[in-house]
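Worksheet: one structure, shown below.
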Amino acid sequence: MGLALAALMLTAVIFGLHSVSNAQAGNTQLLWYGQSAFKLTTPSGKVLLIDPWLENPLNPNGKADLAALKQVDFILVTHGHSDHVGNAVEIAKKTNAKLVSTYDLGQAMVAFSGYPKNLVPFETQGNFGGELTLVNGEVKVAFIPAVHSSSVASDGSPAVFAGNPGGFLISVKNGPVIYHTGDTDLFSDMALIPQFRQVSVMLACIGDQFTMGPQRAAEAVKLVNPTTVIPMHYGVFNLPGTPQAFSQALRQQGVKSQFRTMKVGEVLKL
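In the working numbering, the protein residues as written are 12 to 281.
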């Protein structure tokens with residue numbers, strides 16, 4: 012009986028440790044730097060930055076955050092404007108992060124923004140309707156259209172066209188599906204997104220003036236029907252859209268998705 016009990020206890024301990032390990036390994040973490048800039052850390056510890064303008068006016072720790080980045084595996088850029096390209100080139104040179112973008116934007120960032128050409132390989136470039144498989148299948152990134160514009164510029168030179176703007180649908184294996192809208196207006200084809208993947212978290216631009224504002228963003232959420240929606244791209248450049256107006260619009264339109272705001276520097280475990 013003693014040996015049997017000891018064996019049973021050992022099995023329970025091993026199972027418990029295995030469960031704890033799996034729980035820890037199962038976390039996908041999302042950090043907001045302000046504006047449209049996010050850091051996504053996968054369960055295996057891979058790091059993806061999205062529209063990495065870390066030194067934006069909402070982030071008082073921008074310089075420190077930039078200096079603290081030691082590992083970045085991929086940088087995802089939705090379109091060519093400076094508040095989305097942000098610190099991408101500096102980070103890439105520091106960490107050897109590969110660029111994930113449309114092919115046209117990738118070429119423009121090499122030619123005019125100084126992104127290292129060797130870090131813009133064919134296998135991390137794509138276009139709308141296509142999907143990339145990264146990190147040995149742990150992450151898939153689908154290219155989603157956006158209604159906006161896109162350009163890049165070198166120092167002192169006029170801006171040049173950088174392909175069509177977009178968003179990303181990021182699917183983590185056995186984890187969340189995250190839709191980053193980029194900068195966009197509302198468009199009816201958003202309703203097609205959940206036909207292919209159910210969105211766990213929608214990161215929705217709400218600033219107005221240059222993108223959809225709270226009312227149109229609420230309609231976009233209704234079309235996508237994510238589990239949770241988090242507003243972004245507000246509070247900079249005196250844009251009029253606010254999370255409060257967005258929350259009210261969601262309620263008025265009967266949207267069932269959970270509304271959540273993030274603080275700059277906050278980390279969510281998904």
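Idealized CB from N, CA, C, for every residue including glycine. What you are looking at is a predicted structure, and each value in this text was computed from that prediction instead of being measured.
If you draw a straight line from the alpha carbon of residue i to that of residue j, how long is it in whole angstroms?
i, j, result
"Ser-165", "Phe-123", "5 Å"
"Gly-9", "Leu-234", "Outside the modelled stretch of the chain, which goes from 12 to 281, sits residue 9, for which no answer is possible."
"Val-163", "Ser-93", "7 Å"
"Val-210", "Val-121", "32 Å"
"Gln-230", "Leu-261", "In the sequence as presented, Gln is not what sits at residue 230; that position holds Glu. Roughly 8 Å between the two C-alpha positions."
"His-29", "Lys-184", "Below a pLDDT of 50, predicted positions are generally treated as unreliable, and His-29, at 36, falls in that range; the measurement from the model is reported next regardless. Cα-Cα distance, rounded: 19 Å."
"Ala-15", "Gln-40", "Confidence is the limiting factor: at Ala-15 the pLDDT is only 41, short of 50, which leaves the residue's position unreliable, though a coordinate-based value still follows. Going from the Cα of Ala-15 to the Cα of Gln-40 covers about 41 Å."
"Gln-263", "Ile-61", "31 Å"
"Val-83", "Val-146", "12 Å"
"Lys-81", "Val-232", "35 Å"
"Glu-134", "Leu-110", "10 Å"
"Ala-288", "Tyr-126", "Here the chain comprises residues numbered 12 to 281, so residue 288 is not present and cannot be evaluated."
"Thr-144", "Gln-259", "37 Å"
"Asn-38", "Leu-116", "31 Å"
"Asp-76", "Val-58", "14 Å"
"Thr-192", "Gly-56", "24 Å"
"Phe-207", "Met-201", "11 Å"
"Pro-237", "Phe-270", "10 Å"
"Val-266", "Ser-168", "44 Å"
"Lys-128", "Asn-107", "11 Å"
"Lys-105", "Ala-78", "10 Å"
Mind checking which residues open and close the alpha helix (DSSP H) that includes residue i?
i, result
"Ser-258", "254 to 263"
"Thr-113", "No alpha helix (DSSP H) holds Thr-113; the beta strand (DSSP E) holding it covers 109 to 113."
"Leu-77", "73 to 79"
"Ser-283", "Outside the shown range of the chain (12 to 281) lies residue 283, about which nothing can therefore be said."
"His-95", "93 to 96"
Hey, could you find the ends of the beta strand (DSSP E) residue i is sitting in?
i, result
"Glu-142", "142 to 145"
"Ala-215", "212 to 216"
"Thr-239", "239 to 243"
"Val-152", "150 to 156"
Report the three-state DSSP secondary structure of residue i (helix, strand or coil).
i, result
"Val-266", "coil"
"Val-163", "strand"
"Leu-45", "Residue 45 is actually Gly in this sequence, not Leu. Looking at Gly-45 - three-state DSSP - the assignment turns out to be strand."
"Phe-221", "coil"
"Pro-285", "No answer is possible for residue 285: it lies beyond the span of the chain, which begins at 12 and ends at 281."
"Lys-280", "strand"
"Pro-205", "helix"
"Thr-282", "Since the first residue of the chain shown is 12 and the last is 281, residue 282 is not available in this structure."
"Phe-248", "coil"
"Lys-105", "helix"
"Phe-139", "coil"
"Phe-198", "coil"
"Val-58", "strand"
"Ser-32", "Annotation note: pLDDT 36 at Ser-32 (below 50); position unreliable, no value reported."
"Gly-117", "helix"
"Gln-82", "coil"
"Leu-234", "helix"
"Leu-130", "helix"
"Ala-23", "A caution first: Ala-23 carries a pLDDT of 38, below 50, which makes its placement in the model too unreliable to give a value."
Answer yes or no: does any C-beta atom of chain D fall closer than 9 Å to that of residue i?
i, result
"Ala-99", "In summary, chain D is missing from the structure at hand, where a single protein chain is found."
Quick check on this structure: which residue in the options has the alpha carbon closest to the alpha carbon of residue i?
i, options, result
"Gly-174", "Gly-91, Val-232, Leu-203, Phe-207", "Gly-91"
"Leu-197", "Ser-161, Phe-207, Ala-215", "Ala-215"
"Phe-172", "Gly-56, Gln-269, Thr-113, Ile-61", "Thr-113"
"Ser-199", "Ser-55, Ile-155, Val-131", "Ile-155"
"Ala-48", "Gln-259, Met-243, Gln-269", "Met-243"
"Met-255", "Gly-224, Pro-169, Leu-203, Val-131", "Checking the displayed sequence, the identity of residue 255 turns out to be Gln instead of Met. The residue with the shortest Cα to Cα distance from Gln-255 is Gly-224."
"Lys-280", "Ala-119, Ile-189, Gln-136, Gln-118", "Ile-189"
"Gln-118", "Ala-228, Val-131, Pro-169", "Val-131"
"Val-240", "Phe-257, Val-212, Ala-228, Lys-50", "Val-212"
"Asp-194", "Tyr-245, Gln-226, Leu-203, Pro-205", "Tyr-245"
Original post:
Pairing CB atoms from the segment 70 to 77 with CB atoms from the segment 140 to 159, are three or more of them under 8 Å?
Top reply: Short answer: they don't touch.
**OP:** Flag this pair as touching only if the segment 239 to 259 and the segment 208 to 223 have three or more C-beta atom pairs under 8 Å; answer yes or no.
**Re:** Two segments are said to touch when three or more pairs of C-beta atoms, one from each, lie closer than 8 Å; by this definition the segment 239 to 259 touches the segment 208 to 223.
Original post:
If we count Cβ pairs, one from each stretch, closer than 8 Å, do we get three or more for the segment 176 to 186 versus the segment 87 to 94?
Top reply: Touching, yes, given that three or more Cβ pairs across the two stretches are closer than 8 Å.
**OP:** Could you tell me whether the segment 94 to 102 touches the segment 140 to 160, where touching means 3 or more Cβ pairs closer than 8 Å?
**Re:** With a cut-off of 8 Å, the segment 140 to 160 and the segment 94 to 102 do not count as touching, because too few Cβ pairs lie within range.
Original post:
Hey, is the segment 266 to 279 in contact with the segment 38 to 55, meaning 3+ C-beta pairs nearer than 8 Å?
Top reply: The segment 266 to 279 makes contact with the segment 38 to 55, as at least three CB pairs between them are under 8 Å.
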